[in-house]
Amino acid sequence: MRDPADEGRTHEMTLPGGSGARIGYARVSTPEQDMSLQIDALERAGCSRIFQDVASGAKAERKGLDEALAYLRPGDTLVVWKIDRLGRSLAHLVGVVEDLRSRGIGFRSLTDPGMDTTTASGALIFHIFGALAAFERELIRERTKAGLAVAAEGQLSPLPC
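Going by the UniProt record's numbering, the letters in the sequence shown line up with residues 1 to 161, in that order.
Right, here's the structure in full:
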């Protein structure tokens with residue numbers, strides 16, 4: 001129910017990342033790869049500090065990312081050159097961005113249009129990503145359950161030679 005006192009007032013959505021610092025994160029998979037393109041782009045985007053990793057995206061431990069996540073404060077925005085620099089998988093990416101959101105921190109990817117959770121449309125895109133990650137987890141669960149049921153019935157035949 002609407003409050004009559006609100007009549008004529010405009011309501012703005014308060015989104016994270018509007019007033020704080022832009023903090024960059026850059027990652028390459030091997031020492032042979034050049035990180036300068038990412039760092040230059042992050043500097044041009046106004047990042048006041050840039051954390052770095054040289055590690056495969058599949059590797060769970062990334063010291064630079066951990067330091068960046070600990071450094072961020074409410075109102076800040078974590079900026080990456082490309083979205084795949086942040087997440088190991090869709091589920092991991094959604095988890096990191098959801099953690100940032102819960103802490104009042106925005107997320108932006110410079111080369112992926114619409115990937116900016118400090119805007120309403122960017123937040124919507126990440127909600128869709130979250131739904132896709134949940135769908136992916138459910139499909140895996142269903143396949144695992146079906147495979148276990150088949151195995152329990154002894155319907156698995158040996159592989160042909």
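Cβ atoms here follow ideal geometry from the backbone N, Cα and C, with glycine treated the same way.
Would you decide whether residue 30 is buried or exposed? Buried here means 16 or more other CB atoms lie within 10 Å of its CB. exposed
Considering only their Cβ atoms, is the gap separating residue 47 from residue 75 smaller than 9 angstroms? The Cβ atoms of residue 75 and residue 47 lie no closer than 9 angstroms to each other.
Pop quiz: residue 106 and residue 117 are said to be a contact at Cβ under 8 angstroms. What is the actual Cβ separation, rounded to whole angstroms? 5 angstroms
Would you report the Cα separation of residue 96 and residue 69, rounded to the nearest angstrom? 9 angstroms
For residue 10, which of helix, strand or coil comes out of DSSP? Residue placement at residue 10 cannot be trusted, given a pLDDT of 28 that sits under 50; what the coordinates show is reported in the next sentence. DSSP places residue 10 in coil when its eight states are reduced to three.
DSSP has residue 50 in a bridge; who is on the other side? 24
For residue 112 and residue 83, which I take to be in contact (beta-carbon distance under 8 angstroms), what is that distance rounded to the nearest angstrom? 5 angstroms
Check whether residue 79 and residue 54 have beta carbons under 9 angstroms apart: no
Length of the line joining the Cα atoms of residue 132 and residue 123: 14 angstroms
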